[in-house]
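Respectively, the protein sequence lines represent chains A and B.
Reading the first sequence from the start, the letters are residues 341 to 458 in the numbering used here.
Reading the second sequence from the start, the letters are residues 329 to 446 in the numbering used here.
No residue lacks a Cβ here, since even glycine has one placed at the ideal position from N, Cα and C.
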Amino acid sequence: EAGVAQSPRYKIIEKRQSVAFWCNPISGHATLYWYQQILGQGPKLLIQFQNNGVVDDSQLPKDRFSAERLKGVDSTLKIQPAKLEDSAVYLCASSLVPAGQSGKNIQYFGAGTRLSVL
Amino acid sequence: AQSVTQLGSHVSVSEGALVLLRCNYSSSVPPYLFWYVQYPNQGLQLLLKYTSAATLVKGINGFEAEFKKSETSFHLTKPSAHMSDAAEYFCAVSDDRTGGTSYGKLTFGQGTILTVHP
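Quick look at the structure:
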């Protein structure tokens, strides 16, 4: 079974530029998550999708971050414009069980995209 | 609000020695608890999870953890460390319940880097 795919693996940009990350979840997984992991910290949830609808984006800085999950499969996360403090690893995860039905659901993570903002 | 505290950002052990990584949680309701491992430049991989069944949970690679409600702890242990155990370990909590307002969101601790010496 293929895992969660993310691209690119690494990205270096200058501040005020824009950047986009792509995620392809495990086939059949209804729920998709984007996390931000700053060096030395645990991952922090940015946004959670249930199929193609947003169920939690309370931690997403909406003035510069946006995300979509068209057709309930692939997802993209965009930052525009980027700031120095956005330097982090962006992790995508997916789970089979729909959100709200069980906290036991296991989230499967991709390898992440490491973003450096100069 | 739920939270997780991992005591010790770095733990160093000798090969063959006991591994003990500490995790304490704070949650208003009985939680679900998880331990994930992250190898360099990789995503997070689930080691084990507690979902209110047996309090002693066995995971992959010889790891286990014990849920202690009275101490609000979920410490991770392994009797004998191996060089391949060197990685960063994250404890996470979810308090998702059917019909609740939570959506299976994981809240992570800040991580503990495990170093294994020959």
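Legend entry - Cβ pair Thr400 of chain B, Tyr353 of chain B closer than 7 Å: For the purposes of this step, residue 400 of chain B is taken as the residue at position 72 of the second sequence. For the purposes of this step, residue 353 of chain B is taken as the residue at position 25 of the second sequence. Yes, these two residues count as a Cβ contact at 7 Å.
Legend entry - Candidates B:Val341, B:Ala345, B:Phe362, B:Gln330: closest to Phe402 of chain B by CA position: Here the question's residue 402 of chain B lines up with position 74 in the second sequence. Considering only alpha carbons, the answer is B:Phe362.
Legend entry - Where the beta strand (DSSP E) containing Lys406 of chain B begins and where it ends: Counting from 1 along the second sequence, the entry for residue 406 of chain B is found at position 78. Where Lys406 of chain B is concerned, the enclosing beta strand (DSSP E) stretches over 401–406.
Inset, instruction - Identify whether Lys402 of chain A lies in helix, strand or coil by the three-state DSSP scheme. - result: Locating residue 402 of chain A in the first sequence gives position 62, where the first residue counts as 1. Coil.
Inset, instruction - Please list the partners that Lys386 of chain B has in chain A, where partner means a Cβ-to-Cβ separation under 9 Å. - result: Here the question's residue 386 of chain B lines up with position 58 in the second sequence. Simply none; closest approach about 16 Å.
Legend entry - Coil, strand or helix - Asn352 of chain B by DSSP: Position 24 of the second sequence, counted from the start, is the residue given in the question as residue 352 of chain B. Reduced to three states, the DSSP call for Asn352 of chain B is strand.
Inset, instruction - Please state whether DSSP places Ala345 of chain B in a helix, a strand or coil. - result: Start at 1 with the first residue of the second sequence, and residue 345 of chain B comes out as number 17. In this structure, Ala345 of chain B counts as coil in the three-state DSSP scheme.
Inset, instruction - Could you tell me the boundaries of the beta strand (DSSP E) in which Arg454 of chain A lies? - result: Along the first sequence, one-based indexing puts residue 454 of chain A at 114. Here the beta strand (DSSP E) through Arg454 of chain A covers 453–457.
Legend entry - Whether Gly382 of chain A touches Gly437 of chain B by CB criterion (7 Å): By 1-based counting over the first sequence, the position of residue 382 of chain A is 42. By 1-based counting over the second sequence, the position of residue 437 of chain B is 109. It is a contact, given that the beta carbons lie within the stated cut-off.
Legend entry - Distance CB(Ala415 of chain B)-CB(Val365 of chain B) smaller than 7 Å: If you number the second sequence from 1, residue 415 of chain B lands on position 87. If you number the second sequence from 1, residue 365 of chain B lands on position 37. Contact flag set, yes.
Legend entry - For Ile419 of chain A, the nearest candidate out of A:Ser367, A:Val394, A:Ile352, A:Gly343 (CA to CA): Counted from its first residue, the first sequence places residue 419 of chain A at position 79. Per the Cα distances, A:Ile352.
Legend entry - Chain-ordered neighbours of Phe402 of chain B on chain A, where CB pairs are closer than 7 Å: What you label residue 402 of chain B is simply residue 74 of the second sequence in a count that begins at 1. Those within 7 Å of Phe402 of chain B in chain A number zero; the least Cβ separation is about 14 Å.
Legend entry - Residue of A:Phe449, A:Ala433, A:Leu424 minimising C-alpha distance to Ile378 of chain A: Within the first sequence, numbered from 1, the residue matching residue 378 of chain A stands at position 38. The candidate whose alpha carbon is nearest that of Ile378 of chain A is A:Leu424.
Inset, instruction - Using the Cα positions of Ser406 of chain A and Ser415 of chain A, report the straight-line distance between them to the nearest angstrom. - result: Position 66 of the first sequence, counting from 1, holds the residue named residue 406 of chain A. Position 75 of the first sequence, counting from 1, holds the residue named residue 415 of chain A. In a straight line, the C-alpha of Ser406 of chain A is about 11 Å away from that of Ser415 of chain A.
Legend entry - Leu353 of chain A: first and last residue of the uninterrupted beta strand (DSSP E) it sits in: As a position in the first sequence, residue 353 of chain A is number 13, starting the count at 1. One point to set straight first is that residue 353 of chain A is Ile, not Leu, in the sequence displayed. Per DSSP, Ile353 of chain A belongs to the beta strand (DSSP E) from 350–353.
Legend entry - Start-to-end residues for the beta strand (DSSP E) that takes in Glu425 of chain A: Position 85 of the first sequence, counted from the start, is the residue given in the question as residue 425 of chain A. Per DSSP, Glu425 of chain A belongs to no beta strand (DSSP E) and is neither H nor E.
Inset, instruction - Run down chain B in chain order and give the residues with a C-beta less than 7 Å from the C-beta of Thr416 of chain A. - result: Taking the first residue of the first sequence as 1, we reach residue 416 of chain A at position 76. The premise fails here: Thr416 of chain A is roughly 18 Å from chain B at the closest Cβ pair, so nothing lies under 7 Å.
Inset, instruction - Just confirm the distance between the C-beta atoms of His410 of chain B and Ser342 of chain B, as a whole number of angstroms; I'd bet it's less than 8 Å. - result: In the second sequence, the residue the question calls residue 410 of chain B occupies position 82. In the second sequence, the residue the question calls residue 342 of chain B occupies position 14. About 11 Å; that fails the 8 Å criterion.
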